[in-house]
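In our numbering, the protein residues as written are 50 to 515.
For each residue, glycine too, the CB sits at the ideal point set by N, CA and C.
Input: a single structure, listed below in structure tokens.
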Amino acid sequence: MGFELLGLSDATLKAVADAGYTEPTPIQAQAAPQVLMGRDVLGIAQTGTGKTASFTLPMIDILAEGRARARMPRSLILEPTRELAAQVAESFEKYGKNHKLSMALLIGGVNFADQEKALDRGADVLIATPGRLLDHFERGKLLLNGIDILVIDEADRMLDMGFIPDVEKICERITKKHQTLFFSATMPPAIQRLTKKFLDDPKKIEVSRPATAGTNIKQLLIAVGPRDKRKALRQLLRSEDIKNAIIFCNRKRDVKEVYASLGRHEFSVGQLHGDMEQRERMETLRQFKENEIQLLVASDVAARGLDVPDVSHVFNFDVPGHADDYVHRIGRTGRAGRSGTAYTITTKSKIDSKLVDAIQALTKTDLPIDTDFHLERESRPKKAVAKTDGAAEQTQPEPESRTRGKQDHRRDRSTERSPRGDRRWPRDRGDRNLNMAPDDMPKEPFVGMGPHVPAFLLQDPTKKAK
Ligand code: AMP
50 MGFELLGLSD
60 ATLKAVADAG
70 YTEPTPIQAQ
80 AAPQVLMGRD
90 VLGIAQTGTG
100 KTASFTLPMI
110 DILAEGRARA
120 RMPRSLILEP
130 TRELAAQVAE
140 SFEKYGKNHK
150 LSMALLIGGV
160 NFADQEKALD
170 RGADVLIATP
180 GRLLDHFERG
190 KLLLNGIDIL
200 VIDEADRMLD
210 MGFIPDVEKI
220 CERITKKHQT
230 LFFSATMPPA
240 IQRLTKKFLD
250 DPKKIEVSRP
260 ATAGTNIKQL
270 LIAVGPRDKR
280 KALRQLLRSE
290 DIKNAIIFCN
300 RKRDVKEVYA
310 SLGRHEFSVG
320 QLHGDMEQRE
330 RMETLRQFKE
340 NEIQLLVASD
350 VAARGLDVPD
360 VSHVFNFDVP
370 GHADDYVHRI
380 GRTGRAGRSG
390 TAYTITTKSK
400 IDSKLVDAIQ
410 ALTKTDLPID
420 TDFHLERESR
430 PKKAVAKTDG
440 AAEQTQPEPE
450 SRTRGKQDHR
460 RDRSTERSPR
470 GDRRWPRDRG
480 DRNLNMAPDD
490 MPKEPFVGMG
500 PHVPAFLLQD
510 PTKKAK
């Protein structure tokens, strides 16, 4: 079936042909005609299925008629992350290049004044993250009663990120009768409730998960001790034939640490997590897309839906906490019929075993342990040089095993064995991480009490204790 059967205009079909698409994906074939008929749509689909074009293409044709007024956008697309919002904006530009539609992007981390100017000019399409949209609304810079089409994209991710109350607020403020297009990869109860409340007799369209069905992704588990995860990762990175790879961690803190550690070991690496400025995130993504950096360490939220077409490897530094996230993560590789490899680093802990079981149950795939993988000793690095001020400086990446106990006797003491025989961790460190090997700790020695400030020093001496 070709695109011409979907009912799209010639101008839109031309843009689609220029994008190089010859056939609509299943969600496009099913959703686009319904959207053009003005019907509400409930799309159960994840990224990688072509769902963005399934709503942008018909929206472009609907919005081609009519004009936007200042501060009264005619359509609104809600996205959970800034990157996804920016990606949808790119799609509008690509598919709408033969139309004269105006667009505004309201995302966090970007100057309010520029966004207000775009709203003042009038927007046919407003693409926004919920928090920033409400900020503008509450400042009186935006009216929502001109909205004809509302798109709620990646609703289950909105739920994970705690955005559902904001989404509900926004839906309630659109008083005009409008068409709603709602997309979610999964349908947990909170999302079902939302669809019942805000969708009017929707056409339900469900498409299969491309990643789970994909036989073109080699999936393997690496089982190591919790303190050897970084070493295992480095070994994999050095032994595999990697064009480019995304390394997923469960927590932002681990993203930062794995990124810093790989940098110290001289890998070409960038990071992507929610604490970064928007500008930095976009720049990192650009560098990764343009092969200026080979590895990207990312959190699930930051990487959700990123459209990086040709990733050769995915590494799960942690087994993801939700089986769904595994599907999303490995879906970054093996795209568009290419082959890909996904390694998951697991420990033998009960939690990891349970999470792996959940992934196997969801994907109906057996995740075999790579029995060929054995941790090797890393080559001997140059000796660490101690600075005169007491701070240790490394001249070259240091494998964990060699740094242990050498640089500073105060650190030695902090990792000595407790009377129970288990290894003691440095106490009173706000950033301590129980999964972190002692040698992954920051290399500066503690001076005095280190970064810890006892509570009594923070009390106001002029005030009586209660
Ligand atoms: P999405 O699921 O919207 O994130 O799209 C995933 C990827 O598929 C993007 O790189 C799109 O450019 C691409 N894509 C979308 N529709 C088609 C199509 N009909 N044929 C080939 N590629 C497509």
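From residue i to residue j, what does the alpha carbon distance come to, in whole angstroms?
i, j, result
"residue 417", "residue 410", "14 Å"
"residue 135", "residue 157", "11 Å"
"residue 380", "residue 112", "32 Å"
"residue 100", "residue 324", "28 Å"
"residue 322", "residue 121", "33 Å"
"residue 185", "residue 164", "9 Å"
"residue 391", "residue 335", "23 Å"
"residue 394", "residue 192", "48 Å"
"residue 230", "residue 202", "8 Å"
"residue 278", "residue 267", "20 Å"
"residue 361", "residue 79", "31 Å"
"residue 57", "residue 106", "8 Å"
"residue 141", "residue 152", "8 Å"
"residue 92", "residue 423", "44 Å"
"residue 183", "residue 123", "17 Å"
"residue 148", "residue 216", "29 Å"
"residue 369", "residue 414", "16 Å"
Quick one: using the 10 Å Cβ neighbour count with 16 as the cut-off for buried, is residue i buried or exposed?
i, result
"residue 68", "exposed"
"residue 129", "buried"
"residue 197", "buried"
"residue 118", "exposed"
"residue 280", "buried"
"residue 86", "exposed"
"residue 377", "buried"
"residue 108", "buried"
"residue 400", "exposed"
"residue 115", "exposed"
"residue 431", "Low local confidence applies: a pLDDT of 45 at residue 431 is under 50, so the model's placement there is unreliable, with the coordinate-based value given in what follows. It counts as exposed."
Leaving out five residues before and five after residue i in sequence, what residues of the same chain have Cβ atoms less than 6 Å from its Cβ?
i, result
"residue 75", "256"
"residue 102", "77"
"residue 320", "304, 308, 346"
"residue 249", "89"
Verify the contact flag: residue i, CB atom, against every heavy atom of the ligand AMP, threshold strictly below 7 Å.
i, result
"residue 389", "no"
"residue 100", "yes"
"residue 383", "no"
"residue 157", "no"
"residue 75", "no"
"residue 180", "no"
"residue 72", "yes"
"residue 145", "no"
"residue 97", "yes"
Return the bridge partner residues of residue i from the DSSP annotation.
i, result
"residue 253", "91"
"residue 200", "126, 230"
"residue 174", "152"
"residue 267", "390"
By Cβ distance, which residues of its chain are closer than 7 Å to residue i, with the 5 residues on each side in sequence left out?
i, result
"residue 247", "220, 229"
"residue 205", "233, 234, 235, 237, 240"
"residue 50", "72, 73, 78"
By Cβ distance below 8 Å, which residues in the same chain neighbour residue i in space, the five residues on each side in sequence not counted?
i, result
"residue 348", "297, 298, 299, 300, 301, 304, 321, 322, 323"
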